[in-house]
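Here is the structure we will look at.
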Amino acid sequence: MLIGTVCFNQENGTFFSNTANQIVGEENCIFVAQLYLMNQIRITKIFSFETGHALYGYDGKCRNVHGHSYKLSVTVIGKPIEDNTNVKFGMVIDFSDLKKIVKEEIVDVFDHATVFNKNTPHVELAKELSDRGHSVLLVDYQPTSEMMVIDFSEKIKKHLPKNIQLHSLKLQETDSSYAQWFAGDN
Numbered sequence: 799m800l801i802g803t804v805c806f807n808q809e810n811g812t813f814f815s816n817t818a819n820q821i822v823g824e825e826n827c828i829f830v831a832q833l834y835l836m837n838q839i840r841i842t843k844i845f846s847f848e849t850g851h852a853l854y855g856y857d858g859k860c861r862n863v864h865g866h867s868y869k870l871s872v873t874v875i876g877k878p879i880e881d882n883t884n885v886k887f888g889m890v891i892d893f894s895d896l897k898k899i900v901k902e903e904i905v906d907v908f909d910h911a912t913v914f915n916k917n918t919p920h921v922e923l924a925k926e927l928s929d930r931g932h933s934v935l936l937v938d939y940q941p942t943s944e945m946m947v948i949d950f951s952e953k954i955k956k957h958l959p960k961n962i963q964l965h966s967l968k969l970q971e972t973d974s975s976y977a978q979w980f981a982g983d984n
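In terms of the numbering used here, the sequence shown is residues 799 to 984.
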């Protein structure tokens with residue numbers, strides 16, 4: 799869809815654009831380019847959730863059960879919808895659609911749950927907590943921010959529309975510590 803034109807004015811040597819496609823003084827204009835909604839655009843939505851975990855075998859304090867107030871930034875990339883009859887015209891993806899995916903796959907699952915590696919003796923603790931009514935997740939990896947962000951990338955990618963790609967994730971564990979995942983690196 800054409801959204802504007804960029805021209806060069808021969809009289810004064812300036813560039814100008816006109817988004818209404820009505821070029822004033824076009825006799826002095828050398829056409830340079832037309833602007834289309836063909837650009838790749840990145841959009842980001844940020845989510846917050848509380849999750850506990852323990853790192854079995856770790857030699858520091860994080861071997862103990864503890865929790866974090868996580869912030870997850872989800873960035874997707876795509877082209878804005880060009881069909882002006884579509885109610886989502888001009889959007890890469892409706893923020894509410896992205897929110898629905900991330901809430902269902904990540905936030906609603908991990909929020910106020912405790913995550914343990916199912917391949918460690920923490921399974922016994924997990925069973926005890928679960929038997930007492932606590933929300934427990936058993937995963938097949940060490941539940942570090944690094945491994946969680948990889949897991950999250952796989953969960954989110956499966957549910958994005960075909961024309962949208964997951965660009966990056968940032969999982970912030972504390973104010974000064976976070977793990978990032980970039981599609982371009984993988």
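No residue lacks a Cβ here, since even glycine has one placed at the ideal position from N, Cα and C.
Burial state of residue i, where buried means 16 or more other Cβ atoms lie within 10 Å
{"i": "Phe847", "result": "buried"}
{"i": "Asp949", "result": "buried"}
{"i": "Gly855", "result": "exposed"}
{"i": "Ser943", "result": "buried"}
{"i": "Pro919", "result": "exposed"}
{"i": "Gln838", "result": "exposed"}
{"i": "His864", "result": "exposed"}
{"i": "His851", "result": "buried"}
Residue i and residue j closer than 8 Å at C-beta
{"i": "Arg840", "j": "Ile879", "result": "no"}
{"i": "Val934", "j": "Thr912", "result": "yes"}
{"i": "Leu964", "j": "Lys953", "result": "no"}
{"i": "Val900", "j": "Lys843", "result": "yes"}
{"i": "Asp938", "j": "Asn917", "result": "yes"}
{"i": "His866", "j": "Thr883", "result": "no"}
Cα-Cα separation between residue i and residue j, rounded to whole angstroms
{"i": "Phe914", "j": "Lys859", "result": "15 Å"}
{"i": "Leu923", "j": "Leu958", "result": "35 Å"}
{"i": "Gly982", "j": "Ser951", "result": "13 Å"}
{"i": "Arg930", "j": "Ser894", "result": "35 Å"}
{"i": "Asp881", "j": "Phe845", "result": "30 Å"}
{"i": "Pro941", "j": "Lys877", "result": "34 Å"}
{"i": "Phe908", "j": "His932", "result": "12 Å"}
{"i": "Asp973", "j": "Glu809", "result": "55 Å"}
{"i": "Glu902", "j": "Asn862", "result": "28 Å"}
{"i": "Ile962", "j": "Leu896", "result": "10 Å"}
Below-8 Å beta-carbon distance, residue i vs any chain D residue
{"i": "Arg930", "result": "Judged by its chain identifiers, the structure shown contains no chain D, having just a single protein chain."}
Practice prompt. Check whether the segment 964 to 983 touches the segment 867 to 874, taking contact to mean three or more Cβ pairs, one atom from each stretch, closer than 8 Å.
Written response: Output reads yes: the segment 867 to 874 touches the segment 964 to 983.
Item to complete: Examine the Cβ distances between the segment 880 to 887 and the segment 976 to 984 and report whether three or more of them are shorter than 8 Å.
Response: No, the segment 880 to 887 is not in contact with the segment 976 to 984.
Discussion item. If we require 3 or more residues per run, which beta strand (DSSP E) segments fall completely within the segment 846 to 883?
Written reply: When DSSP assignments are scanned along the segment 846 to 883, the uninterrupted stretches of beta strand (DSSP E) that are 3 or more residues long and fall wholly within it turn out to be 864 to 876.
Worksheet item: What runs of the beta strand (DSSP E), each 3 residues or longer, lie entirely inside the segment 879 to 951?
Response: List check, beta strand (DSSP E) in window: 911 to 915, 934 to 937.
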